[in-house]
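Numbering (my numbering), first residue to last: 31 to 648.
Note that beta-carbon positions come from the ideal geometry of N, C-alpha and C, so glycine has one too.
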């Protein structure tokens, strides 16, 4: 190819090295061009390695490994894109793809692939090359035969010229960075799919800015995720085994490799701890854009934390952020991008009256308040100061406070619940009283909506928070969350303003690997304690069915593995945060002894059967 200066024979791979892997000579990488070349008299027809610096055999092997990644098909296919992935031998394959036409004039793809060792095609260098690409499509369309290797100095000249400008532009993708960071804080194993569009959306990256998002994420997490950085800057499907993807629309999830988080421009209606933590980490990144990859709060303060379960990781991350003086949540831009019209998402919620501003200790930033917060609440009621005192009460004190709450109206109790800073025990008392069966029956419509919004905003209170919060039993929290769902959320499940919240909640619970999630599904969907199945709209039943089908039997068992072992003294040479290795036999033994695991697995099977019947009857 003539994109790079003609280097002459001295820069070609030395004799006998072209077929020895793809590392080649020091400071250089191999290049291969793939395009549709018709029937060449060999096995089959299709995408061929028509030009290469390595041997023909190695080039064909790379083509087989890349497979579908050499193609971009579909109505919105005509767009340049970059892919970074790994070969079976651990080499990096950096693919630049252009839309083209074959000899018959049919739409096709031509790909220029760079292949080298990870220490040569490093992540940051690859991301800089992705921001604008390298080479020219015309050269790739005409290249044939043996090619020279590509000197890394030429790639570096492109990469290091672009990186300063990319760092300067990171604030323009702040919103996307927060949303993806929150997903990875909660579940670092997820693949992430960004919904982008050719239409410009305020505050949301277009397809050309996607490499900026990927660079920001790499600078945030660095090595903390413990997995290789693979990505596609643009594709038409998000089922490839890549960590980061950008697509113009979301097709029905076919259960690709591993859990998938699909992220769009609309912020969540009820920001959770992970969103507030993500906002703080992104703030740190934007203040130190030239620092080494991996913000210190993660790689230093929470090293090994990606291997923990979410409750332990959440508690440790909170300690790290608090110790770093980051307890107060930040104020972020108020702009909320519009949902793309082609996305299969619910209609936007109808406008609602402006809610009463929250006290300073409560953060509705970085996202707007919930649309269903319709009631105007009174000032704090006298005599309830004890609710905010973080101390353990004895049985007599607890009973007296519960009796006091029983005399107060719903609006006062809701105001206290919203006031923030409550100890977990006080939250329990308020929720128990608000869930009283007599109150539920007599409650007015406006208050029902306000309580539903508050419960969803706090994620059904599935995680403890507030001063003095201690690790709580997930089984106990899931049981309380099931009760909250039954009396506060289920009666309003058909209201469109809560559809997005319910989609996020049910998707998260269906994919949760802890047995308590199976118990929650049992007590809310299959066999609610009040004996009435929730009247969910068809789109939610379909989503539940897709999520459950997407989990293979092997993953269904793994998804209900017991929580990580409690804190222990680490043996010499082992991090205290690293999980203790267990044999397959011991793990199986624990699973069979854990009732939640057995129930969770059975629930998965029952859900599949029940939902099939429900969908058929609709």
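Taking a 10 Å sphere around the C-beta of residue 277, we find 16 or more other C-beta atoms and assign the residue as buried. Rounded to whole angstroms, the gap between the alpha carbons of residue 267 and residue 88 is 28 Å.
Residue 344 has its alpha-carbon roughly 27 Å from the corresponding atom of residue 320. Residue 112 has 126 as its beta-bridge partners, per DSSP.
Contact between residue 258 and residue 116 holds: their C-beta atoms lie close to 6 Å from each other, under 8 Å.
Fewer than three Cβ pairs drawn from the region 178 to 197 and the region 295 to 307 lie within less than 8 Å of each other, which leaves the two stretches out of contact.
Across the structure, residue 303 and residue 514 are spaced so that their CA atoms are roughly 19 Å apart. The three-state reading of DSSP puts residue 548 in helix, counting H, G and I together. Contact between residue 490 and residue 523 is ruled out by a C-beta separation of about 13 Å, above the 8 Å threshold. Beyond the five residues adjoining it in sequence on each side, residue 557 comes within less than 8 Å, by CB distance, of no other residue in the same chain. Excluding the 5 residues flanking it on each side, residue 555 has no same chain C-beta neighbour closer than 6 Å. Here DSSP, grouped into helix, strand and coil, assigns residue 152 to coil. Excluding five sequence positions before and after residue 570, the CB atoms of its chain that fall closer than 8 Å to its own CB belong to 523, 529, 532, 533 and 536, given in chain order.
Counting only runs of 3 or more residues that sit fully inside the region 157 to 183, no beta strand (DSSP E) segment turns up.
For residue 475, the three-state secondary structure derived from DSSP is helix.
Going by beta carbons, residue 159 and residue 189 fall inside the 8 Å limit. The residue among 102, 111 and 124 with its C-alpha nearest the C-alpha of residue 62 is 124. Between the region 164 to 173 and the region 119 to 135, the count of Cβ pairs shorter than 8 Å is three or higher; the stretches touch.
Counting along the chain, residue 307 sits inside the alpha helix (DSSP H) bounded by residues 303 to 317. The region 321 to 337 makes contact with the region 245 to 265, as at least three CB pairs between them are under 8 Å. For the pair residue 486 and residue 460, the CB atoms are not nearer than the 8 Å cut-off. Going by DSSP, residue 61 is part of no alpha helix (DSSP H) but of the beta strand (DSSP E) stretching over 58 to 66. For the pair residue 103 and residue 263, the CB atoms are not nearer than the 8 Å cut-off. The beta carbon of residue 470 is closer than 7 Å to those of 517 in its chain, skipping five residues each way along the sequence. In this structure, the beta-carbon distance from residue 447 to residue 484 falls below 8 Å. 64 is the residue among 543, 261 and 64 whose C-alpha sits nearest the C-alpha of residue 175. Residue burial annotation: residue 220 is buried, with at least 16 other C-beta atoms found within 10 angstroms of its C-beta.
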